[in-house]
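Q:
Protein chains: 2
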Amino acid sequence: MISLLMEKIKKTAPIVVGLDPQLSFIPKGILEKAFKEYGETPEAAAAAFFEFNKGIVDAVCDLVPAVKPQIAMYEALGLPGMKAFYDTVDYCRKKGLIIIGDVKRGDIGSTSAAYAEGHLGHITLGDKVFRGFDEDFATVNPYLGSDGIKPFIDVCNRDDKGIFVLVKTSNPSSGEFQDRTCDGRPLYELVGDKVREWGELSMDGDYSNVGAVVGATYPEMGKVLRKLMPKTCILVPGYGAQGGKGSDLVHFFNEDGLGAIINSSRGIIAAYKNEAYKEFGGEAYADAARKAVLDMKADIESALS
Amino acid sequence: MISLLMEKIKKTAPIVVGLDPQLSFIPKGILEKAFKEYGETPEAAAAAFFEFNKGIVDAVCDLVPAVKPQIAMYEALGLPGMKAFYDTVDYCRKKGLIIIGDVKRGDIGSTSAAYAEGHLGHITLGDKVFRGFDEDFATVNPYLGSDGIKPFIDVCNRDDKGIFVLVKTSNPSSGEFQDRTCDGRPLYELVGDKVREWGELSMDGDYSNVGAVVGATYPEMGKVLRKLMPKTCILVPGYGAQGGKGSDLVHFFNEDGLGAIINSSRGIIAAYKNEAYKEFGGEAYADAARKAVLDMKADIESALS
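In the order they appear, the protein sequences are chains A and B. The first sequence lines up with residues 2 to 306 when you count with the numbering used here. The second sequence lines up with residues 2 to 306 when you count with the numbering used here.
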């Protein structure tokens, strides 16, 4: 799966759009229409999320290789939200996009296998195959060690999928544990070592189906991790709303100009609420998102050149 | 919420039954009935899970204070599975059980808040309140630090709920990161320090709504962590099928005889498949589960006396 992502990045941009809807992002018109149809209910909120996402996806699908729906935003709405997540993944697939499910799952043994089957794999009943949420990649938490990761790798190898393992996250408190010095090195480097090792179990072209998450907000650590994991694709959150800039991204890439994909969520999907794209207004929220992607692409290209 | 759990433990036993159904656990009769009604589909598998769970819950609800559905098993079935998870939580609540959602979620800021609202809290639309999955406790992964935990604590304080933070997990590879020596102490102790600190933000009687997960398979570490986090309720997985014995559990409890709750999943729900309870057979799977709970209770009581 990672080779397909790299191919698509070459044709478009190393950008993934985070589909993390919140009620406050949804333009009035979409929300009112949903409330009219379903009442003021979670069903309405979920329908509004899906409608909102469709607008974004239609506007950006020729510019980017992938989207990253953040499942928490959908889980907040309970079952109707899960349906909207499913519908969103399905819609993005039909639009030819690669889907990175930002699910941050992680457990052990048969439990991790169940997550892997539900998000990336399939179950077989009788002579039929059924796919649960059917993303292409999932983000995975490494705290439980190899027992949590290997069941995902098995599914990746069987169904041609991939994962991104949290290594150094973009948030301010990520250092509380991730930066602790363990046997002379920061914990995130030890996790990086393991990601490289796990990665060897699922090579696909020049890169591994086992990727890593490293926040744009920590460019110096990104530089070290880039060297530590040369065949690992790095998913980089934290650009834009969280403070990461184009110039911070340079060292996340390999010399082939590949090896990293930069995420922006609210900076794109809620662009119309930012001062810079205010003139678009709520009705043209999708056009604002497209403009924000184009600006982000230019920012990254200028930093890399 | 933790004070309610302690009250219930005093009246019953420090045992939580893991509702982690797998297709191979479901007796033929239940599965065939579901396939007849829904065809060989995920809907049928999900209906069979729920039917199976109801039998277990009816058989054990007077013996234990709580159940712990493992959401991964349901996610494996996609949307119909999520519905079975929801229905299971709802059924357990009506039976007066406390529900520990074993969801191992963890993200940052507004994303962690979204998980917390979906699993423990609520959303407000118009003048109405809607609850997503409405468990009483959720398990949470600490790898992202305080940014990931505090949004859960806010919801715990507002809606009287609780969390169990992964500290030292029961699996063989848990030591890969959790046991690394960081600044002279194992990482799981540093996480334990934080759990104690976070716990002070949500005290409820003698214990905190912020609990910890420590595996029965590491009794010596449990002893250290018990002392490090005196006001923390420890959720202890790994008893039974994973190898933990009653005698391993002693040091997880405080001197008040409280402060720990021991989980068993397949050792109870699939007891009829074990040599010891074979005579029950598939049709009496729920009776086998009841007997397994009674035996577990006796094992723990004898170890503690």
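Heads up, the beta-carbon is just placed ideally off N, CA and C, and yes, glycines get one too. Only a predicted model underlies this, so the values are computations on that prediction, with no experimental measurement involved.
Any idea if A:E8 is buried or exposed, counting beta-carbon neighbours within 10 angstroms, 16 or more meaning buried?
A: Along the first sequence, read from residue 1 onward, the residue named residue 8 of chain A stands at position 7. A:E8 comes out exposed.
Q: Could you name the residues of the segment 109–120 of chain A whose beta carbon sits closer than 9 Å to any beta carbon of chain B, in the order they occur along the chain?
A: I109, G110, S111, T112, S113, A114, A115, Y116, A117, E118, G119 and H120
Q: Taking 8 Å as the CB-CB limit, is A:E38 close to chain B?
A: The residue you call residue 38 of chain A lines up with position 37 of the first sequence. Not one chain B Cβ lies under 8 Å of A:E38.
Q: Determine, using beta carbons only, whether A:Y189 comes closer than 8 Å to chain B.
A: What you label residue 189 of chain A is simply residue 188 of the first sequence in a count that begins at 1. Taking Cβ atoms only, chain B never reaches closer than 8 Å to A:Y189, which makes this a no.
Q: So, at 6 Å on beta carbons, what are the nonlocal neighbours of B:M222 in its own chain, with the 5 sequence-adjacent residues on each side left out?
A: As a working note, residue 222 of chain B is residue 221 in the second sequence. So the qualifying residues of the chain are K169.
Q: Have a look at A:P143 and A:L167 and give me their C-alpha separation to the nearest angstrom.
A: Within the first sequence, the letter at position 142 stands for residue 143 of chain A. Within the first sequence, the letter at position 166 stands for residue 167 of chain A. Spanning the two alpha carbons is a distance of roughly 6 Å.
Q: Output needed for A:G239: all residues of its chain with C-beta closer than 6 Å, excluding positions within five of it in sequence on either side, in chain order.
A: Taking the first residue of the first sequence as position 1, residue 239 of chain A is located at position 238. The beta carbon of A:G239 sits closer than 6 Å to those of S171, G216, A217, T218 and G245, all from its chain and outside the five residues before and after it, given in chain order.
Q: Here's the rule: buried if 16 or more other CB atoms are within 10 angstroms of the residue's CB, otherwise exposed. What is B:K228?
A: Looking up residue 228 of chain B in the second sequence gives position 227. With fewer than 16 Cβ atoms within 10 Å of its Cβ, B:K228 is classed as exposed.
Q: To test your reading of the DSSP string, which unbroken beta strand (DSSP E) runs of 3 or more residues are found completely within the segment 81–130 of chain A?
A: 99–106 and 124–126
Q: Consider the Cβ of B:N172: report whether some Cβ of chain A lies at a distance smaller than 8 Å.
A: Indexing the second sequence from 1 puts residue 172 of chain B at position 171. Judged by the 8 Å Cβ criterion, B:N172 is in contact with chain A.
Q: Pull the bridge partners of B:D205 from the DSSP assignment, please.
A: As a first step, residue 205 of chain B must be located in the second sequence, where it is residue number 204. Answer is B:Y208.
Q: Kindly indicate which residue of A:G133, A:M83, A:D137 and A:M74 has the alpha-carbon position closest to the one of A:G97.
A: To locate residue 97 of chain A, count along the first sequence from 1; it is residue 96. Taking only the C-alpha atoms, the option nearest A:G97 is A:D137.
Q: B:A213: which of B:P220, B:G193, B:D300 and B:S203 sits nearest, CA to CA?
A: Taking the second sequence and counting its residues from 1, the one referred to as residue 213 of chain B is at position 212. If we check each option's Cα against that of B:A213, B:G193 comes out closest.
Q: In three-state DSSP terms, what is A:S265?
A: In the first sequence, residue 265 of chain A corresponds to position 264, counting from 1. Note: A:S265 maps to strand in three-state DSSP.
Q: Whose Cβ in chain A lies nearer than 8 Å to the Cβ of B:A35?
A: On the second sequence, residue 35 of chain B is found 34 positions in, with the first residue counted as 1. Going along chain A, no residue has its Cβ under 8 Å from B:A35, so there is no contact; the nearest lies around 11 Å.
Q: If B:F1 and B:V90 are in contact, beta carbons under 8 Å, what's the gap, nearest whole angstrom?
A: Here chain B covers residues 2 to 306 and nothing more, so residue 1 of chain B does not appear.
Q: Looking at the unbroken beta strand (DSSP E) that takes in A:K169, where does it start and where does it end?
A: One-based indexing of the first sequence puts residue 169 of chain A at position 168. Counting along the chain, the beta strand (DSSP E) containing A:K169 begins and ends at G163 to K169.
Q: Check whether the Cβ atoms of B:L64 and B:V294 lie closer than 8 Å to each other.
A: Mapped onto the second sequence, residue 64 of chain B falls at position 63. Mapped onto the second sequence, residue 294 of chain B falls at position 293. Yes, they are a contact pair.
Q: Taking only beta carbons into account, state which residues of the segment 173–184 of chain B come closer than 9 Å to chain A, listed in chain order.
A: Cβ contacts with chain A: P173, S174, S175, G176, E177, F178, Q179, R181, T182, C183 and D184.
Q: At what residues does the alpha helix (DSSP H) containing A:L20 begin and finish?
A: Here residue 20 of chain A is taken as the residue at index 19 of the first sequence, counted from 1. A:L20 -> not in any alpha helix (DSSP H); beta strand (DSSP E) instead, spanning I16 to L20.
Q: When you compare each of A:K12, A:G56 and A:F253 to A:I262 by their alpha carbons, which one comes out closest?
A: Residue mapping note: residue 262 of chain A aligns to position 261 of the first sequence, counting from 1. Taking only the C-alpha atoms, the option nearest A:I262 is A:F253.
Q: Can you give the Cα-Cα distance for B:E33 and A:D160, rounded to whole angstroms?
A: Here residue 33 of chain B refers to the residue found at position 32 of the second sequence. Here residue 160 of chain A refers to the residue found at position 159 of the first sequence. If you take the alpha carbons of B:E33 and A:D160, they lie about 29 Å apart.
Q: Give the straight-line distance between the Cα atoms of A:F36 and B:S209, rounded to the nearest whole angstrom.
A: The sequence position of residue 36 of chain A within the first sequence is 35, counting from 1. The sequence position of residue 209 of chain B within the second sequence is 208, counting from 1. Each residue's Cα considered, the two are about 40 Å apart.
Q: Let's see if you can read the secondary structure: which residues bound the alpha helix (DSSP H) around B:K69?
A: Taking the second sequence and counting its residues from 1, one reaches residue 69 of chain B at position 68. Premise fails: B:K69 lies in the beta strand (DSSP E), A67 to P70, not in any alpha helix (DSSP H).
Q: Is there contact here, the segment 280–294 of chain B with the segment 52–61 of chain B, by at least three beta-carbon pairs under 8 Å?
A: yes
Q: DSSP on B:Y240, reduced to helix/strand/coil?
A: Translated into positions along the second sequence, residue 240 of chain B becomes position 239. In this structure, B:Y240 counts as strand in the three-state DSSP scheme.
Q: When we look at the beta-carbon of B:E307 and count the other beta-carbons within 10 Å, is it buried (16 or more) or exposed?
A: Residue 307 of chain B lies beyond the range of chain B shown here (2 to 306); nothing can be said about it.
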